[in-house]
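Novice: Take a look at this one; I'll ask things after.
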Amino acid sequence: MLNLSVLLEDAARETPDREAVVFGDIRLPYSFIDSVANQVANLLRDRGVRPGDKVALSCPNLPYFPMVYFGALKAGAVVVPLNVLLKPREVAYHLRDSDAKVLFCFEGTPELPLGEMGYAGFEQAEGCEHFVLLPVNPAATESPIEGAELFWAALGGRPNTFETVQTEPNDTAVIIYTSGTTGQPKGAELTHHNLLLNAMVDDTLFYRTLHDTMLATLPLFHIFGQTCVMNVGFYRHATLVMQARFDAEQAVELMVKEKVSVFAGVPTMYWGLLTHATSDEDIATIRENLRVAVSGGSAMPMEVLKGIKRKFDVDVLEGYGLSETSPVASFNRPDRPTKPGSIGLPVWGVEMKLIDEEWKEIEGEGPGEIAIRGHNIMKGYHGRPDATADAIRDGWFRTGDVARRDEDGYYFIIDRSKDMIIRGGYNVYPRELEEVLMTHPDVSLAAVVGVGHPSLGEEIKAYVIRTPDATVTEDDLVAWGREQFASYKYPRIVEFRDELPMTATGKILKRELR
1 MLNLSVLLED AARETPDREA VVFGDIRLPY SFIDSVANQV ANLLRDRGVR PGDKVALSCP
61 NLPYFPMVYF GALKAGAVVV PLNVLLKPRE VAYHLRDSDA KVLFCFEGTP ELPLGEMGYA
121 GFEQAEGCEH FVLLPVNPAA TESPIEGAEL FWAALGGRPN TFETVQTEPN DTAVIIYTSG
181 TTGQPKGAEL THHNLLLNAM VDDTLFYRTL HDTMLATLPL FHIFGQTCVM NVGFYRHATL
241 VMQARFDAEQ AVELMVKEKV SVFAGVPTMY WGLLTHATSD EDIATIRENL RVAVSGGSAM
301 PMEVLKGIKR KFDVDVLEGY GLSETSPVAS FNRPDRPTKP GSIGLPVWGV EMKLIDEEWK
361 EIEGEGPGEI AIRGHNIMKG YHGRPDATAD AIRDGWFRTG DVARRDEDGY YFIIDRSKDM
421 IIRGGYNVYP RELEEVLMTH PDVSLAAVVG VGHPSLGEEI KAYVIRTPDA TVTEDDLVAW
481 GREQFASYKY PRIVEFRDEL PMTATGKILK RELR
């Protein structure tokens with residue numbers, strides 16, 4: 001028997017008074033988070049939720065998230081975290097596709113009225129029976145949305161103890177929806193065993209001390225933040241300093257104020273820290289306290305990697321994984337040499353190999369598509385046996401990511417196979433171009449995509465954010481690129497932007513740029 005809620009329950013037993021969550025002036029101990037989670041479990045049971053039923057959660061990084069997440073798990077339910085940027089039509093799709101019976105939704109702000117959009121999606125969905133609003137003001141007595149039940153009012157009078165449902169290790173604990181870059185989003189079913197073991201493996205990789213303070217800025221509705229920050233943090237009885245949405249200036253302030261020792265983020269977050277940590281005093285404080293820096297989600301540009309080392313005197317350890325792999329599959333391990341730009345070696349209990357389009361293994365350096373097998377592989381895509389069969393064969397999951405492998409077994413991502421540009425019959429990998437473009441002194445951030453061309457099939461275009469006071473022009477950058485790259489792969493088109501479109505997790509949205 002195994003239930004992922006043991007992460008919270010163990011922390012509440014061992015360190016009940018330790019701060020589990022910090023958000024602004026709110027500082028909540030493990031005992032309080034566990035107590036409210038028990039009330040959530042009682043509420044769900046009283047509302048007719050049974051083991052295996054789905055409970056959707058739409059909430060940014062707020063104390064509500066672990067309360068509902070672990071409360072649903074205690075009740076034996078399956079948690080379905082929703083991206084907070086979804087529109088009503090998309091919310092309805094996720095609720096229908098996952099067969100959710102309950103939706104917990106944060107009220108939101110005037111700029112991002114999550115509650116209104118969530119309720120509109122709830123009304124469009126069929127089969128979702130209950131809507132519980134997580135209010136901005138915990139003391140609110142009336143719901144701003146007619147028909148919505150207020151969270152604290154719903155919990156009122158319910159016991160703060162609960163006998164956790166004893167689920168099986170292979171029971172589904174969480175359904176994580178993929179981004180849907182190649183069609184409708186699919187729900188990856190992750191088991192209690194998947195998620196618990198991934199948290200335990202990640203903990204050994206990060207070499208945490210007995211009491212770390214972690215900045216929880218990666219969205220917890222995303223598997224990276226969920227496993228590598230919340231679940232690992234609770235497993236280690238750490239303190240999570242929550243940031244509702246990443247803002248580089250505020251992140252620097254929080255890292256200084258709370259003496260953050262562990263930071264996990266995507267490359268654009270590290271780029272933000274570099275550009276906003278300018279005070280000598282702030283930099284000195286971060287250098288003194290930050291001892292673990294972890295990156296994933298996409299490849300870290302080498303210039304950003306070097307900049308973090310220079311400014312904060314910490315090595316950024318790069319790892320790799322996907323929603324379907326719980327997520328961590330490989331990592332630069334602390335007991336082995338770190339190779340900048342590499343996603344490291346497979347983690348304990350996980351195998352990786354390179355394959356071609358026919359699933360045949362590629363020996364040597366490659367390149368080839370990464371395939372993964374191990375305890376971290378999802379159960380399957382919810383309600384999609386054909387898609388599951390396409391993605392998993394003999395226990396191996398094909399990732400869609402192209403990599404090469406060196407003589408020591410370290411893997412280096414070249415690009416997403418779907419991002420690869422084919423120009424006049426030649427394969428061009430955008431990441432290679434982005435790395436070099438960012439060495440130009442006037443380039444702060446770059447994203448390269450393929451755009452349609454009548455005779456070549458695709459032409460190469462670079463979207464660029466310039467450094468402050470930069471003078472480089474589009475023609476200058478094209479001419480510079482011609483000197484740096486082979487004739488078939490330098491960017492012929494350059495467009496300057498003040499910002500680039502990004503997902504809620506900070507990945508650059510290349511499909512929008514296309």
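Here the sequence shown is numbered in UniProt numbering, starting from 1 and rising by one per residue. Built from N, CA and C at the ideal position, the CB exists for glycine as well.
1. Where DSSP assigns a beta bridge to S330, which residues make up the other side?
2. How long is the line joining the alpha carbons of G157 and T505, rounded to whole angstroms?
3. Taking the alpha-carbon positions, what's the G319 to S143 distance?
4. Short check: CB of F312 to CB of I283, under 8 Å?
5. Check M352 in the structure and name its three-state DSSP category.
6. Could you please give me the residues that DSSP links to Y381 through a beta bridge?
7. Roughly how many angstroms lie between the CA atoms of P16 and P385, to the nearest whole one?
8. Can you tell which of E146, A173, E9 has its C-alpha closest to the C-alpha of F32?
9. Determine the DSSP secondary structure at K507, reduced to helix, strand or coil.
10. Give the DSSP bridge partners of H453, in chain order.
11. Can you look up E14 in the DSSP assignment and give me helix, strand or coil?
12. Ignore the nearest five residues each way along the sequence and tell me which others in V256's own chain have a CB closer than 7 Å to its CB.
13. Considering only residues of the same chain and omitting the five flanking positions on each side of A125, which have a CB-CB separation below 7 Å?
14. From this set, E435, V241, F246, which residue's C-alpha is nearest K306's C-alpha?
15. Just to confirm, is the Cβ distance from S342 to Y411 under 8 Å?
16. Return the Cβ separation of M302 and V316 in integer angstroms, given the expectation that the two are a contact with Cβ distance under 8 Å.
17. If you draw a straight line from the C-alpha of V350 to the C-alpha of L2, how long is it?
18. For T182, which of helix, strand or coil comes out of DSSP?
19. Under the three-state reduction of DSSP, which class applies to residue 577: helix, strand or coil?
20. Just the Cα atoms here: how many angstroms apart are L195 and G321?
21. Residue 515 by DSSP, collapsed to three states: which one?
22. Would you list the residues sitting across from M214 in a DSSP beta bridge?
23. If I measure Cβ to Cβ from A371 and keep anything under 6 Å in the same chain, skipping five residues before and after, which residues do I get?
24. Among the candidates S35, D475, K101, whose CA atom is the shortest distance from the CA of V78?
25. Can you name the residues that DSSP bridges to M502?
26. Return the CA-CA distance between A188 and H375, expressed in angstroms with no decimal places.
27. Do A248 and G272 have their CB atoms nearer than 8 Å?
28. Sort A20, N231, K461, I392 by Cα distance to L433 and report the nearest one.
29. With the cut-off set at 8 Å, would you say V22 and V229 are in Cβ contact?
30. Three or more C-beta pairs under 8 Å: does that hold for the region 447-455 against the region 323-339?
Specialist: Here's the rundown:
1. Y320, P346
2. 37 Å
3. 43 Å
4. yes
5. strand
6. A188
7. 43 Å
8. E9
9. coil
10. G457
11. helix
12. D282, T285, I286
13. A92, L95, R96
14. E435
15. yes
16. Going by Cβ atoms, the distance from M302 to V316 rounds to 11 Å, so no, they are not a contact pair.
17. 21 Å
18. Reliability fails at T182, whose pLDDT of 46 lies under 50, so the model's placement of it is uncertain and the value that follows must be treated cautiously. Three-state DSSP puts T182 in coil, outside helix and strand.
19. No answer is possible for residue 577: it lies beyond the span of the chain, which begins at 1 and ends at 514.
20. 13 Å
21. Coverage of the chain is limited to positions 1 through 514, which leaves residue 515 absent and any answer about it impossible.
22. L240, V262
23. K353, I355, W396, R398
24. K101
25. I508
26. 15 Å
27. yes
28. K461
29. no
30. no
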